[in-house]
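Protein sequence lines, in the order shown, are assigned to chains A, B and C.
Just so it is clear: in the first sequence, position 123 is 123 by this note's numbering, and no numbers are missing.
Each number in this note's numbering corresponds to the 1-based position in the second sequence with 1000 added.
Each number in this note's numbering corresponds to the 1-based position in the third sequence with 2000 added.
Just so it is clear, CB atoms sit at the ideal spot from N, CA and C, and this is done for glycine as well.
Being a predicted model, the structure only gives us computed values, none of them experimental.
Here is the structure we will look at, set down as structure tokens.
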Amino acid sequence: MAETATTAPQRAATRPRLRGGALLGTVPFFAFVTIFLVVPTLTVIIGAFTGDGGRGFTLENVRALGDDYILAAFGRSITLSASSAVIGAILGALLAYALVTGKPDGLLRRAVTAAAGVLAQFGGVTLAFAFLATIGLSGFVTQWLQEHGLDPYANGVWLFELPGLTLVYTYFQIPLMVIVFLPALDGIRPQWREAATSLGGSTWHYWTRVAGPLLAPAFLGSALLLFANAFSAYATAAALVSQGSPIVPLQIRGALTSEVVLGQANLGKAMALGMVIVVAVVMALYSLLQKRTAKWLG
Amino acid sequence: MTGVAVHLDGLRRTFGTVHALDDLDLSIAPGELIALLGPSGCGKTTALRILAGLEEATAGRVLVGGKDITALPASKRDMGMVFQAYSLFPHLNARQNVEFGLRLRKRSLQRAVEMLELVGLSGFEDRYPNQLSGGQQQRVALARALAIEPQVLLLDEPLSALDAKVRVQLRDEIRRIQTEVGTTTLFVTHDQEEALAIADRVGVMRSGRLEQLAAPAEVYLRPATPFVADFVGISNRLPGTVDGETVEVLGTRLPLVGAHSGGPVTALVRPEAITVTPDADSTAKVVTSSFLGSLSRVTVTVGDHLVVAQVPSGDLPELAQGAPVRLTIAPLAVVVE
Amino acid sequence: MARVAFRWTVLTVMGVFFLLPLVAMAEFSTRDPETWPLLLDWPRLSADYPALAEGILASLAQAALTTVLMLVLLVPTAIWVRLRLPKVRPLVEFLCLLPLTIPAIVLVVGLAPVYAWVNYFVGGSSITLVFAYTILVLPYAYRAIDTGLSAIDVKTLAEAARSLGSGWFTVIVRVVLPNIRSAVLSAAFLTVALVLGEFTIASLLHRTNLQVAIDYLGKSSATVSVAVSLAALLFAFVLLIVLSLAGSVSAKGKKS
């Protein structure tokens, strides 16, 4: 066999030598990033293991993460993130599929992807007010429903609790899913369906044996990204929820703004560290699945 | 296993006002390999895809082994198909790719190993498509298509994404395997050399129609139309005058392919039909000569015309630039327009 | 046909879900007919709602300065690292993408002590948020610029320019930069959009911007804050659609 698998293009043997002068060019960047990114990150990590007031190493803060109310907050955060990620991933994938079945360069597709780009970044206070205007107590939809004898809040106001937050988060999760999942769908080659068909496979066979397994890592990875996205979100919840601190970001706000309470400041750092760990684990899994996707559908 | 006969009967395919296929009739004998050759957009791929069931014909019938399968869905047709590239399922290794059709048919998976052996890929069973070269991927695709013991093998430009050297090697191997298994085969390509080398018969297509369907030598030596003469091989376009069943070109009378009403025409003459000899009295002169191996090519001016001729490389020293030469045309039949 | 039906069902349902809040905001903000005219009347707005006016101005200034700081820090570094320091590139990439795994709320926790020093040296103005925002937009801006740089052969371009006698400054400013214009533009637009939507850091570092003002206003005058929200959202829409058009225009330019 004369053929060989393609090898990476030959690298030129001579690499530019590392000179002090060349490194100088990157000093402003590294200096800035050190002060405003590395130092804060280390502050959180070190602070999580430091006793209040004192300088000694302690596991008190991390141990305090085991407190019932903090565990419950993490539980609620994870529930909220997971449910909004699952709903967002499924609906977003359906929308993305609806887009790829149309013309690849069509106006509809371009309009929807552009809108998704905006809405995926649409969070925070603006989003909270959008939903207050929609299904708040005097919102557009609420009033319309009430005029027709239906009261969405007959069993209590759920907008400011987890179900409400899930609904509001879905509003930026679906567009994000469209953006991250669309490239994977585009990577599906028409030849695969045709090959499967000519080999005797039905549509069912194609989806269960070819497209399904191929898209699974991309779907799972995208859902993880959505999870991290919801888990990190703060502003929308902060604007919507004024009483209590059901989720971790709001607990951290409490710890930050009530520094008078002894032993709270570094507990906040411990919770922050907890968040970073959750997000980092999720993002690591995401990039693992993303690599698999790039190999198959790149 | 012996092949089945395939008939395409008055196939038509229109997109709006464009005829991708214009009443195409084509019969493939059992076990025969026919190459459809033509420029892009000539309808060759459309014909293949209609035979595969991946596209629907606007009108006409497809018969395989005497049965009308025009309405049969692609998944029920038993056609082995090899695409231009990237058709292997990337999440399955070579063996699993070949097993795909066997599993759907609940047949013995042992055949997958045998098929990979047939295409010369023993030992590569566990490689994934991205760990295989382009040529190896196409071998797997061929094994996958043949594993299901298809009634017809369809090859849609299977070599055009490969390097020149691999292309020739795999071309010969496809021919060997096809002869060995005896499956009726339709091979679509835009590469005339490939078509002539591999096929029992070559069908040259243009604008949805067959211009000529004949054995490779016939297509090359006796092109039926100026289009075929132009598309297959290279031709000199020389002025001539038709007189009855002959045409006079540069003072030589040549037999004519087909009939022509007479008068001034353009004749298409192959470079290898022209012999170049040094002649100090001639007004024709060598313009350039290029060395191509055992044979070489010289360009000669005759009056206002440039004539390309093929000569043995040994003659080159006598045919330097500016040398006066005489041209002789072999009395082979030519096509005129 | 089933596929077409599926397609339009999905698109219609999603369309309603996504348009409804926008329609509701439009309806809600026009319940008081005075609201929109007020928004367009800057002197009255700043007289009646000084906090909102201050927030709008702060956000605009933050957006502009963050864009400048981001470009100054990132573009030369990204080019330089590709040209001269390929070994340093993974580190730069890691640092640029790091903020993705650090939620803004966590960054605030770590930034609080840093900003104690910022307050000490340059004061507590809202403009100082530019430092934090530059970190926040780093992943998005870096990816945009890196994609632009990957699309061209920076090394060959630089070698060609240097063989013609240009210095490094000319290489970066006159040769590489013009070729990644659309990537730089896209990074700038993303920066503006992100900064205009930022709430977490501003609110918790006790500074003001548009989102903080809207949140504050929501407690007293919901109609105005919904109207401003809608206006901000529409502005972001226009911005990003211009961006996507600019992107597709330059993509077309490359094809030909």
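Asked: Starting from V1311 of chain B, trace the beta strand (DSSP E) both ways and give me its first and last residue.; Found: H1305 to P1312
Asked: Beta-carbon within less than 8 Å of E2093 of chain C's beta-carbon, same chain only, minus the 5 sequence neighbours each way: which residues are those?; Found: Y2142 and D2146
Asked: Quick check: is the beta carbon of T14 of chain A nearer than 8 Å to any beta carbon in chain C?; Found: Because the pLDDT of T14 of chain A is 44, which lies under 50, any placement of that residue in the model is unreliable, and the number read from its coordinates should be weighed accordingly. Answer no: the Cβ-Cβ gap between T14 of chain A and chain C never drops below 8 Å.
Asked: Once the 5 residues before and after I45 of chain A are set aside, which same chain residues still bring their CB inside 7 Å of it?; Found: L273
Asked: What is the DSSP secondary structure of P1331 of chain B, counted as helix, strand or coil?; Found: coil
Asked: Rounded to a whole number of angstroms, what is the C-alpha to C-alpha distance between R1061 of chain B and G1041 of chain B?; Found: 21 Å
Asked: Using a Cβ cut-off of 7 Å, pull out every chain A residue sitting near N1130 of chain B, in sequence order please.; Found: K295
Asked: Alpha carbon to alpha carbon, what distance is there between V1188 of chain B and R1144 of chain B?; Found: 18 Å
Asked: Cβ of T197 of chain A less than 8 Å from any chain E Cβ?; Found: Within the model displayed, chain E is absent; protein chains A, B and C are what it includes.
Asked: Would you say I252 of chain A reaches chain C, if we count a Cβ-Cβ gap shorter than 8 Å as a contact?; Found: yes
Asked: Between the alpha carbons of S2221 of chain C and L2052 of chain C, how many angstroms are there, rounded?; Found: 11 Å
Asked: Have a look at the DSSP bridge pairing and note the partners of I1028 of chain B.; Found: B:V1006
Asked: Can you list the residues of chain B that W204 of chain A reaches, using a CB-CB cut of under 7 Å?; Found: What W204 of chain A touches in chain B: nothing, since even the nearest Cβ is about 11 Å away.
Asked: Going along chain B in order, which residues have a C-beta closer than 8 Å to the C-beta of T207 of chain A?; Found: A quick correction: the sequence has Trp, not Thr, at residue 207 of chain A. Those do not exist, as W207 of chain A stays about 13 Å from chain B at its closest Cβ, beyond 8 Å.
Asked: Measure the beta-carbon distance from V1204 of chain B to P1216 of chain B and round it to whole angstroms, keeping in mind my assumption that it falls under 8 Å.; Found: 11 Å between Cβ atoms; not a contact.
Asked: Can you name the start and end residues of the alpha helix (DSSP H) that I2056 of chain C belongs to?; Found: P2050 to R2084
Asked: So what does DSSP say about Q1110 of chain B, is it helix, strand or coil?; Found: helix
Asked: For L2205 of chain C, list the residues DSSP reports as bridge partners.; Found: DSSP output for L2205 of chain C lists no bridge partner at all.
Asked: Does V1269 of chain B come out as helix, strand or coil in the three-state DSSP assignment?; Found: strand
Asked: Mind checking who R1013 of chain B pairs with in its DSSP beta bridge?; Found: B:L1021
Asked: What are the residues in the region 2129–2162 of chain C lying within 8 Å of chain A by C-beta distance?; Found: F2131, A2132, T2134, I2135 and L2138
Asked: Is it buried or exposed, S1122 of chain B, if we count other Cβ atoms within 10 angstroms and call 16 or more buried?; Found: exposed
Asked: Cβ of G1233 of chain B within 8 Å of Cβ of R1270 of chain B?; Found: yes
Asked: Using DSSP with H/G/I as helix, E/B as strand and the rest coil, what is A233 of chain A?; Found: coil
Asked: Report the three-state DSSP secondary structure of P163 of chain A (helix, strand or coil).; Found: helix
Asked: Is any beta-carbon of chain A found at less than 8 Å from that of H1019 of chain B?; Found: no
Asked: Can you find the residues in the same chain that come closer than 6 Å, C-beta to C-beta, to V1307 of chain B, ignoring five residues on each side of it along the sequence?; Found: N1236 and V1300
Asked: Output needed for G1016 of chain B: all residues of its chain with C-beta closer than 6 Å, excluding positions within five of it in sequence on either side, in chain order.; Found: none
Asked: Pairing CB atoms from the region 2218–2236 of chain C with CB atoms from the region 125–133 of chain A, are three or more of them under 8 Å?; Found: yes
Asked: Does any residue of chain A bring its CB to less than 8 Å from the CB of E2054 of chain C?; Found: no
Asked: Just to confirm the assignment, what range does the alpha helix (DSSP H) spanning G117 of chain A have?; Found: L107 to A120
Asked: Nearest chain B C-beta to W192 of chain A closer than 8 Å, yes or no?; Found: yes
Asked: Roughly how many whole angstroms lie between the Cα atoms of N1093 of chain B and P1129 of chain B?; Found: 6 Å
Asked: How about R2007 of chain C and G102 of chain A: do their beta carbons lie closer than 8 Å?; Found: yes
Asked: Report the neighbours of V2088 of chain C on chain A: residues whose CB is nearer than 8 Å to its CB, in chain order.; Found: L23 and T26
Asked: May I ask you to verify whether the region 2042–2061 of chain C touches the region 2205–2216 of chain C, counting CB pairs closer than 8 Å and requiring at least 3?; Found: yes
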